[in-house]
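J.: Protein chains in written order, with my numbering: chain U, 1023 to 1232; chain B, 6 to 328.
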Ligand code: HEM
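1. Need the endpoints of the alpha helix (DSSP H) that residue 1170 (chain U) sits in, please.
2. Check whether chain B comes within 8 Å of residue 1143 (chain U), counting only Cβ atoms and requiring the distance to be less than that.
3. What residue range does the beta strand (DSSP E) around residue 1028 (chain U) cover?
4. Count the other CB atoms, across all protein chains shown, that sit within 10 Å of the CB of residue 1169 (chain U); report buried if there are 16 or more and exposed otherwise.
5. When you compare the CB of residue 106 (chain B) with every CB in chain U, is at least one pair closer than 8 Å?
6. Taking buried to mean at least 16 other C-beta atoms within 10 Å of its own C-beta, is residue 92 (chain B) buried or exposed?
7. Let me confirm a value: residue 1075 (chain U) is counted as buried when at least 16 other C-beta atoms fall within 10 Å, else exposed. Which label applies?
8. Please confirm whether any heavy atom of the ligand HEM lies closer than 7 Å to the CB of residue 1123 (chain U).
9. With 16 as the cutoff for other CB atoms within 10 Å, does residue 160 (chain B) come out buried or exposed?
10. Does the count of Cβ pairs from the region 224-239 of chain B and the region 90-109 of chain B closer than 8 Å reach three?
11. Just tell me which of B:221, B:189 and B:181 has its CA closest to the CA of residue 207 (chain B).
12. Report the option in B:257, B:281, B:83 and B:164 whose CA atom is closest to the CA atom of residue 219 (chain B).
13. Between B:204, B:307, B:293 and B:287, which lies nearest to residue 153 (chain B) when the distance is taken from Cα to Cα?
14. How would you list, in chain order, the residues of chain B whose beta-carbon sits under 9 Å from the beta-carbon of residue 1080 (chain U)?
15. Under 8 Å between C-beta atoms, does residue 5 (chain B) make it to chain U?
16. Look at the alpha carbon of residue 1202 (chain U) and the alpha carbon of residue 276 (chain B), and state the distance between them as a whole number of angstroms.
17. In terms of residue numbering, what span does the alpha helix (DSSP H) encompassing residue 184 (chain B) cover?
18. Could you check whether residue 1119 (chain U) and residue 1079 (chain U) sit closer than 8 Å to each other, using their CB atoms as the reference points?
19. So residue 209 (chain B) packs on residue 263 (chain B), CB below 8 Å; how close in whole Å?
20. Regarding residue 1069 (chain U) and the ligand HEM, is the C-beta to nearest heavy atom distance less than 7 Å?
21. Please confirm whether residue 1204 (chain U) has its beta-carbon closer than 8 Å to some beta-carbon of chain B.
22. Go through its chain and collect everything with a Cβ distance to residue 120 (chain B)'s Cβ below 6 Å, but skip five positions before and after it.
23. Looking at the structure shown, is residue 1149 (chain U) part of a helix, part of a strand, or coil, going by DSSP?
24. How is residue 324 (chain B) classed by DSSP in three states: helix, strand or coil?
25. Please report the distance separating the alpha-carbon of residue 14 (chain B) from that of residue 74 (chain B).
26. For a test of your reading of the model: does the CB of residue 1152 (chain U) fall under 7 Å from any non-hydrogen atom of the ligand HEM? Yes or no.
27. Counting only runs that start and end within the region 117-172 of chain B, where is the alpha helix (DSSP H) found for 4 or more residues in a row?
28. Quick check: does the Cβ of residue 1072 (chain U) come within less than 7 Å of any heavy atom belonging to the ligand HEM?
29. Alpha carbon to alpha carbon, how far is residue 1046 (chain U) from residue 99 (chain B)?
30. Output needed for residue 101 (chain B): all residues of its chain with C-beta closer than 8 Å, excluding positions within five of it in sequence on either side, in chain order.
31. Taking CB distances under 8 Å as the criterion, tell me whether residue 1029 (chain U) reaches chain B.
32. Within 7 Å: the Cβ of residue 1188 (chain U) and any heavy atom of the ligand HEM?
33. Where residue 128 (chain B) and residue 271 (chain B) are concerned, what is the direct C-alpha to C-alpha distance, given to the nearest angstrom?
34. Indicate the three-state DSSP secondary structure (helix, strand or coil) for residue 240 (chain B) in the structure shown.
35. Return the first residue and the last residue of the beta strand (DSSP E) that residue 304 (chain B) is part of.
36. Whose CA, out of B:124, B:140 and B:148, lies closest to the CA of residue 305 (chain B)?
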């Protein structure tokens, strides 16, 4: 009897978290489409859409990696329901980012697109990140997770690599000089700083203390 | 320095607004009691898309301005975009916020110090400049290194005319330009992010080319603050960052001058910075560009379409090395 009440309570909490994450996950898309139809993306809408989708994807990716440490720190076990959806939203916005690039900006001219990708290291890095995110999204289903067992966990640690690549891609996309930090590096540096902290927290010595 | 013959300004006669019409517009506006033409022009309809034909017959008044094209038939970029999407890092790095940030920038009084290796060094006040040099309209394409472009009707006069006034000596090989640095109104210069003042430079023969313009206005009004008021350079065959804004100082020098972007990231921004689809940039495509107001990328033209006028400047130079 008690068990049933527990289960139901858990089920409803899980539902609430789902609503929350889908609301937060779709909100940027709604805002983006809203700006687009109201012609508020500015004078260079392609550039704006490219930068916004990229930034949103990067934030969701780092956020999904922050969930486990936050869950432990804040002692909020419910947060665990956020991790996978946030990762999937990161992949979703990354796909949108790529579509903006390939379809809107380059009109699906694959010759031009390929030339751009191979000519620019920062785009190769972004493409690698996108590839990882695509594989992770494709294997994100519970059935696959169950079938793969331990291997799944290992595979999905690649999220960290994807995040490192994305930060590198972001830093290289900014106009200026990365070595002397002359340019608008605040956003990627803050995001990168969070990622470094998250990586440090995974070091065995630090992890045990949590 | 041997002067060479070269092509004339690539403007079709009928593209230059006839002087009487231009003057009557001015009078009309004065009579209407408008404070600035910008307010009127800002309400103009956006320029027609590249493919649509210009309006059939000018109906007189300001409407005709949007029917103008450059010599290749490209329509003017919408006034709102020209004055609302600007790179002017002294104010902010956000291109769409420069107009807002530059509101308090009142470029008066203003003077331009012209000196260095010249026989007649001189400081021109802005009114002296406007009195001495006839202002002409030039419709130029502007190609930004970031991969976007515009077509802009400038008012101004050839830089050559100013240089002739001061008479460069035979040792002068380059022209160095400097932007004003006004921390009180330019929020960006306090950030210490970039090594301001903004500096740019041209080789003397480039500066003497008839295309090199000192612009004092656009769209038939004096330059708005965000576009480099009250006087700026426009070198249409080079990436936009060469077209330095709000100039306070011009010096004739022997050695290639330091320029801001070249100092920050020399491997990305060369001194020459000629528009060249064959010389790639690590960040942006230089083979194609987005014309602001259009939806499809278009091919970037060698020397931004001004090759006939400027090619002689680079004879025998490997432009992949001197990018
Ligand atoms: C094949 C894959 C990708 C391509 C072709 C690509 C392309 C681009 C391009 C062209 C820019 C420069 C935009 C500009 O400043 O004008 C850019 C910036 C950016 N991209 Fe990507 N990208 C890819 C993958 C990714 C992925 C997977 C992410 C994140 C999950 C991402 C996040 C970003 C971010 C944050 C920026 C910087 C936006 C800014 O300047 O504010 N990109 N990308």
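In this text, a Cβ means the ideal position worked out from N, Cα and C, and glycines have one as well.
T.: Once the coordinates are examined:
1. As a position in the first chain, residue 1170 (chain U) is number 148, starting the count at 1. The continuous alpha helix (DSSP H) containing residue 1170 (chain U) extends over residues 1164-1170.
2. Locating residue 1143 (chain U) in the first chain gives position 121, counting from the first residue. At a cut-off of 8 Å, the C-beta of residue 1143 (chain U) has a neighbouring C-beta in chain B.
3. Stepping through the first chain from its first residue, residue 1028 (chain U) is reached at position 6. Counting along the chain, residue 1028 (chain U) sits inside no beta strand (DSSP E); it lies in the alpha helix (DSSP H) bounded by residues 1024-1059.
4. Residue mapping note: residue 1169 (chain U) aligns to position 147 of the first chain, counting from 1. That one is exposed.
5. Stepping through the second chain from its first residue, residue 106 (chain B) is reached at position 101. With 8 Å as the cut-off, residue 106 (chain B) does not count as an interface residue toward chain U.
6. Residue numbering aside, residue 92 (chain B) sits at position 87 when the second chain is read from its first letter. Under the 10 Å beta carbon count, residue 92 (chain B) is surrounded by 16 or more other beta carbons and is classified as buried.
7. Your numbering for residue 1075 (chain U) matches position 53 in the first chain. In this structure residue 1075 (chain U) is buried. Its beta-carbon is surrounded by 16 or more other beta-carbon atoms within 10 angstroms.
8. Within the first chain, the letter at position 101 stands for residue 1123 (chain U). Flag set: Cβ of residue 1123 (chain U) near the ligand HEM.
9. Here the question's residue 160 (chain B) lines up with position 155 in the second chain. Per the 10 Å Cβ criterion, buried.
10. Yes: at least three Cβ pairs fall under 8 Å.
11. Counting from one through the second chain, the residue named residue 207 (chain B) turns up at place 202. Residue 207 (chain B) has its Cα closest to that of B:181, out of B:221, B:189 and B:181.
12. Counted from its first residue, the second chain places residue 219 (chain B) at position 214. The candidate whose alpha carbon is nearest that of residue 219 (chain B) is B:164.
13. Residue 153 (chain B) sits at position 148 when you count from the first residue of the second chain. Just measuring C-alpha positions, the residue of B:204, B:307, B:293 and B:287 sitting nearest residue 153 (chain B) is B:293.
14. Position 58 of the first chain, counted from the start, is the residue given in the question as residue 1080 (chain U). The contacting residues do not exist; residue 1080 (chain U) stays about 17 Å from chain B at best.
15. What the structure shows of chain B is the stretch from 6 to 328, and residue 5 (chain B) is not part of that stretch, so it cannot be assessed.
16. Taking the first residue of the first chain as position 1, residue 1202 (chain U) is located at position 180. Taking the first residue of the second chain as position 1, residue 276 (chain B) is located at position 271. Rounded to the nearest angstrom, the two C-alpha atoms are 20 Å apart.
17. The residue you call residue 184 (chain B) lines up with position 179 of the second chain. Taken as a continuous stretch (DSSP letters only), residue 184 (chain B) belongs to no alpha helix (DSSP H), being part of the beta strand (DSSP E) at 179-184.
18. Walking along the first chain from the start, residue 1079 (chain U) turns up at place 57. Walking along the first chain from the start, residue 1119 (chain U) turns up at place 97. The answer is yes: Cβ separation under 8 Å.
19. On the second chain, position 204 is the one that residue 209 (chain B) refers to. On the second chain, position 258 is the one that residue 263 (chain B) refers to. No, residue 209 (chain B) and residue 263 (chain B) are not in contact; Cβ-Cβ is about 17 Å, not under 8 Å.
20. Taking the first chain and counting its residues from 1, the one referred to as residue 1069 (chain U) is at position 47. Indeed, a heavy atom of the ligand HEM lies less than 7 Å from the Cβ.
21. By 1-based counting over the first chain, the position of residue 1204 (chain U) is 182. The beta carbon of residue 1204 (chain U) sits closer than 8 Å to some beta carbon of chain B.
22. Your numbering for residue 120 (chain B) matches position 115 in the second chain. These residues qualify, in order along the chain: 126 and 256.
23. On the first chain, residue 1149 (chain U) is found 127 positions in, with the first residue counted as 1. Three-state result, residue 1149 (chain U): helix.
24. Residue mapping note: residue 324 (chain B) aligns to position 319 of the second chain, counting from 1. Of the three classes helix, strand and coil, the one that applies to residue 324 (chain B) here is coil, per DSSP.
25. Your numbering for residue 14 (chain B) matches position 9 in the second chain. Your numbering for residue 74 (chain B) matches position 69 in the second chain. Its pLDDT being 40, under 50, residue 14 (chain B) is placed unreliably in this model, and the value from its coordinates should be taken loosely. Each residue's Cα considered, the two are about 14 Å apart.
26. As a first step, residue 1152 (chain U) is located in the first chain; it is residue number 130 there, counting from the start. Relative to the non-hydrogen atoms of the ligand HEM, the Cβ of residue 1152 (chain U) comes within a distance shorter than 7 Å of at least one.
27. Counting whole runs of 4 or more residues, the region 117-172 of chain B contains the alpha helix (DSSP H) stretches 131-137 and 164-171.
28. Here residue 1072 (chain U) refers to the residue found at position 50 when the first chain is read from its first residue. Indeed, a heavy atom of the ligand HEM lies less than 7 Å from the Cβ.
29. Here residue 1046 (chain U) refers to the residue found at position 24 when the first chain is read from its first residue. Here residue 99 (chain B) refers to the residue found at position 94 when the second chain is read from its first residue. Taken atom to atom, the span from the alpha-carbon of residue 1046 (chain U) to that of residue 99 (chain B) is near 26 Å.
30. Taking the first residue of the second chain as 1, we reach residue 101 (chain B) at position 96. Answer for residue 101 (chain B): 89 and 90, listed in chain order.
31. Locating residue 1029 (chain U) in the first chain gives position 7, where the first residue counts as 1. Under the 8 Å criterion on CB atoms, residue 1029 (chain U) is classed as non-interfacial with respect to chain B.
32. Locating residue 1188 (chain U) in the first chain gives position 166, where the first residue counts as 1. Answer for residue 1188 (chain U): yes, Cβ within range of the ligand HEM.
33. Here residue 128 (chain B) refers to the residue found at position 123 of the second chain. Here residue 271 (chain B) refers to the residue found at position 266 of the second chain. Their Cα atoms are separated by approximately 32 Å.
34. Translated into the one-based positions of the second chain, residue 240 (chain B) becomes position 235. It is coil, neither helix nor strand.
35. The count along the second chain starts at 1 and reaches residue 304 (chain B) at position 299. Residue 304 (chain B) -> beta strand (DSSP E) spans 302-304.
36. Walking along the second chain from the start, residue 305 (chain B) turns up at place 300. Each of B:124, B:140 and B:148 was checked against the Cα of residue 305 (chain B), and the nearest Cα belongs to B:148.
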